[in-house]
Each structure stands twice: as C-alpha cells, then as structure tokens.
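Shown next, in structure tokens, is the structure this report addresses.
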Amino acid sequence: MLQLTILNDTQTLRVSVQPGQPLGDVLHAHVPAFAMPCAGNHTCGKCRVQVSGPVSFMTESERKLLGDDAGDGVRLACFCRVEGDVTVTLQSGGSAKILSWYRTPEVKPDRSGYGFAVDIGTTTVAMQLIHRPSGRVVAERLAENAQRGFGADVISRIEACRGAGLATLSDRIAAQLEDMAAQCLAESGVSEVEESVVTGNSTMLHIYEGLDPASLAVVPFAMQSYFGGFSRRTLAGKPVYLPRCVGAYVGADITCALLAAGHGSQETQLLADIGTNGEIALTRNGTLTCCSTAAGPAFEGAGLSRGMSAGTGAICAVAEESGQVRYETVGNAPAIGVCGSGILDALAVMLATEAMDDSGYIEEDEAWPIGESGVSVTQRDVRQIQLAKSAICGGILTLLEDQALDAAAIDRFIIAGGFGSSMDLDSAAAIGLFPAALRQKADFIGNGALGGAVMLLRSSALREKSARMAAEATELSLSASPAFMDHYIDCMTFDRF
Ligand code: FES
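Okay, here's the thing in structure tokens:
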C-alpha cells in the first residue's frame, strides 16, 4: 500500500492507495465534493490538483487540456496514476471541502428517496443527506456535539445525566440533529426524506433515545437496550433506524465501521477506531471479538500543554531533515498549538534524534521545541501520549493473545476514525501506537461509522446482517483482564512491539 496525503486550505487527510490507482478515483472516494464535471472522461480539464511525488507521466491529451497551466506539478486528477507516496493539494475555494470521508464496499440499494445518515460522536456529529438509490451525498454538516459542555468523554456525559438531567442532554442532541437536518434540506432543495439512520457509541445512543446510561458506567455494564430497530424519535418528521450495539463499550458506531470495512470477507482483519475511546475488533473465520480501551482525549489534542484540535494554526506534521526540525500547520497559518497527528510526528522525531529516550524521558530540558514554531512538547505531554498509546497497543495485543494470534497473522489492519485518518503511519508505528508488524497492512477507511450508516440507510437487507453480526460478537472486557494490565505496562515504553 502507498500513502496519499490530501491537503486543502484547512485540513490534511492521509489515505492508503494501491500502486497505479487513478488519483481521480481516490479523490472521488475520499473528498465527496471534489469537482469532476466530466466524471473522469478526460474532456472538461477541471479536475486540477497540485501533485508532488511519483505519479504517471503526462500524456499529450492531458497537456492539451491543461494548456499554459501544465508544469509545476499541476495535473488533472483523472489522468494521473499514483506510483509512490504522493501529496496532492486541492485548489482553494469551497468546492473541495473534506468534511466526512469514508470508503465502503459496493451496496445493492433496496430503498428509494432520500435519507439522513448520522454519526453522533462524543466529540463531533457528522450528518449526510443521501440519495439512497445512487448513494450520492446531497448535503452534509459536521459540528461539535452540542453536549460537549457537559464533559469531553462518555463517563462525564453519564454523570451529567444525573446532574443536569437525562432529558436535557437527550433533547439537546435531538435538537441539534433537527437543526443540522433542516440546514441540509434548505441547502439541497430536497423537500423531504423517507427515513434516517443514526449511529453512535452505546452512551450516545442511550442519551439520544432518552434511556438512562448510568448502568453503562458500573460493573456489569448493563445495556438498557442494544438497539437494532427504530427509535422513539423521528428526524425531519420521519422514522429513525438505530443500528445494533455489541455492548456497553463497543457501540453501533463499530457495528457500522465493520460494515464499511467489509466484514464477512475471508481475511483475518483487525479494525481499530482510535479516538477518546479506542475500539478494536478482530474478525477471523467468521467470528468477531471486540474490546474497548480508554485512550483519553490526548490524540484529539486535549490535555496537552499546547494541544488543540486540527483547526487552523495547529501543527499537524513534524519532520527532521538534515538536522532541522520542520513543521506544517493546518491552513499554513502561524502555529498556535499542536494537534494529534502533529504530536505523534513530534514524538517520533524526538525518539529518532534521541531528544527523548525509550522511557519517554526528555534528555536536555523539560520541553522540546517544535522547530521555530514557539510550540514545545513538555515532559507531561509525553506522559499523556504514553498513556494513550499504551491503552491502544495494549488492547490490540490483548485481543490478539486472546485469539492466540500473532500480529503477523493479520491480513488487513483497518484504521477508522478522524484522528486515525490524519496520522502518519510511520510515526504511529515508531512510537508504538500499534505493533510494528501491522504497519504494512494498514488501510484507512475514514469515518467508518458514518460510511456504515449510509450503507444501512440504502439497504434494509444489510440491517439484518449487521444486527446479527453485533448479536453474535463477543466483547472482551479489558478492565478485568490481567493480560491487558501486563501489555499496558509493557507498551508504556517507546520500544517497538
Ligand atoms: S474530470 Fe474532467 S478532465 Fe478530469
């Protein structure tokens, strides 16, 4: 697999591609709003991008379409094949926004009309208005979860249900979805939808549905409902389907991500959705075993001395060249902080340059400056990342051990979620976020939860399949696992696993 980095004014996206894959196909799949007016038929000359890295040679017909613009890395995406690790910059302007991207297998649609696919993330809510027969994204919205004022993670939301009241949190998210849906309808001119699919982790679905999530926070982590049917709520006046959860900490978002990852293939697959919670699912010989591990918000920039989300001015990439530390920021703006992908790169550079030892100790001073950015990585920041990456890698190793498997036996390592899609795989492997043997098998699918929700929106046959898959899955509890504790402690160092 090769790595393609897609840049626009404000965002960075890294995706895995096959050697020789047409750049236009990749952009079409991952950046829904990327304009290809002639649908890649080599006639309009509008799919211009700036490319750096190994790609196929320019043909005469491409040169003619580009005219005076040919040269300096300007290419037409539909002509260009990826032949190595490549960076592609989208032209500025609103036509190529990366809001929510994902990759899914082909779906045989059996539903008509329009519908909303929604992923209620603990941090972010993503919504797409979909034309169900074609799968076309007609409009979309991405917003911070309106419950964020009640806490950053699921445990604080559960506590807030006791304090501020379940109805307050429940109505707040429901109102936010109605508001986002109204905006999508107004923008698209679509007058009505037939139904919607709303996915999310188990806590988010409990709260949306108005079910008390308190039992999810205490042993034995009992569910009020596993869902897998229609909600008591409507969205834009029409029914809402809620996909089935596996358990308290492996929710419907993972059921959906597994669908998007192509669950059911003969491959031995390991899926990791890396966020505040890291959900990990292993598919092997038709069986599914899942676990969840609390990584904390460090990968989202929270809890770090200069941490921030991947907004304008966030350091999103760091590298060392000839003794110089270089960095990139979102939107090429002056650096004001560092986001998850940037801190991962920074730690990988610190390790490679021996500014930090294998234990995470910063050798010289208490902080390591990221080039001339004015932003530094502190000793405490390193410790936060150590805790987060140990939780993820420890979870992966525990799940593999439970199934008597070695990392080398995994055919495909699927990484889902927004943070996972923006990180550099080499940096992630260098700091031990996952076993090094998985590096070459890694495959990004983007927001798999939303992608799976779209699949369920378009196909009712898939709803049965996904509900069965979730009902038959085994959830491995890490909180009571001595093996997890051992791996967690081992993973705390920056040795490769
Ligand atoms: S999409 Fe028209 S030339 Fe590429």
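Be aware that the sequence shown starts at 2, since it is given in our numbering, and climbs by one per residue. All C-beta atoms in this analysis are idealised placements derived from N, C-alpha and C, irrespective of residue type, glycine included. No experiment lies behind these values; they were computed from the predicted model shown.
Asked                                                                                                             : Found
Which residues DSSP lists as bridging M128, in chain order                                                        : V119, R142
Cβ shell of A342 (< 6 Å), same chain only, five flanking positions each side left out                             : Here residue 342 turns out to be Ser, not Ala, going by the sequence shown. Closer than 6 Å at Cβ, skipping near neighbours: C317, S423, M424.
Spatial distance of S428 from V350 (CA atoms)                                                                     : 8 Å
A398: CB within 7 Å of a non-hydrogen atom of the ligand FES                                                      : Per the sequence shown, the amino acid found at residue 398 is Leu instead of Ala. No, the Cβ of L398 stays beyond 7 Å of every heavy atom of the ligand FES.
Spatial neighbours of A410 in its chain, beta-carbon cut-off 7 Å, leaving aside the 5 residues before and after   : T269
With 16 other Cβ atoms within 10 Å as the buried cut-off, status of G238                                          : exposed
Where K98 falls: helix, strand or coil (DSSP)                                                                     : The predicted position of K98 is uncertain, since its pLDDT is 46 and thus under 50; no value can be drawn from it.
8 Å Cβ cutoff met for A223 and R163                                                                               : no
Outcome for P110 when other beta-carbon atoms lying within 10 angstroms are tallied against a minimum of 16       : buried
Distance cut-off 7 Å: N42 Cβ against heavy atoms of the ligand FES                                                : yes
Cβ contact check for the segment 159-173 and the segment 122-136: 3 or more pairs under 8 Å                       : no
Sequence-distant residues of its chain with Cβ nearer than 7 Å to Q4 (five each side left out)                    : R15, S17, D86, L426
Proximity test, G25 beta-carbon vs the ligand FES heavy atom, cut-off 7 Å                                         : yes
Range of the contiguous alpha helix (DSSP H) that encloses G396                                                   : 380-403
Integer Cβ distance of F117 from S197, believed to fall under 8 Å                                                 : 4 Å
N-terminal and C-terminal residue of the beta strand (DSSP E) that V18 is part of                                 : 13-18
V199 beta carbon less than 8 Å from that of V138                                                                  : no
Start-end ranges of the beta strand (DSSP E) lying completely within the segment 37-91, minimum 3 residues        : 49-53, 75-77, 87-91
Given A144 as reference, the closest of T123, I156, G152 once Cα atoms are compared                               : T123
Whether A417 touches I446 by CB criterion (8 Å)                                                                   : yes
Under 8 Å between C-beta atoms of Y103 and L463                                                                   : no
Nonlocal neighbours in the same chain, by C-beta distance under 7 Å from A165, ignoring five residues either side : F151
Burial state of I490 (16 or more Cβ within 10 Å)                                                                  : exposed
Close Cβ partners of I371 (< 8 Å) along its chain, the five nearest in sequence each way excluded                 : I316, V319, V326, Y328, A336, V339, G343, A347, S377, V378
Cβ neighbours of P298 in the same chain (closer than 6 Å, five flanking residues each side left out)              : A153, T277, G304
Heavy atom of the ligand FES within 7 Å of K47 beta-carbon                                                        : yes
Best match in F495, S306, G312 for proximity to G419 [C-alpha to C-alpha]                                         : G312
Residue span of the beta strand (DSSP E) that contains I416, given as start and end                               : 413-417
Residue from Q22, R234, T256, G265 whose Cα sits closest to the Cα of A472                                        : T256
Short Cβ contact (8 Å threshold) for T105 with V383                                                               : no
Any non-hydrogen atom of the ligand FES closer than 7 Å to C81 Cβ                                                 : no
Distance cut-off 7 Å: L388 Cβ against heavy atoms of the ligand FES                                               : no
Residue range of the alpha helix (DSSP H) that includes F485                                                      : 483-491
Neighbourhood of T13 by C-beta, 8 Å cutoff - its chain only, sequence neighbours within 5 removed                 : T6, I7, A311, C317, A318, E329, V331, S342, S423
Per-residue burial, A97 [other beta carbons within 10 Å of its own, 16 or more giving buried]                     : Because A97 sits at a pLDDT of 40, beneath the cut-off of 50, its placement in the model cannot be relied upon, and the following sentence gives the value as read from the coordinates. Label assigned to A97: buried.
Distance CB(N448)-CB(D120) smaller than 8 Å                                                                       : yes
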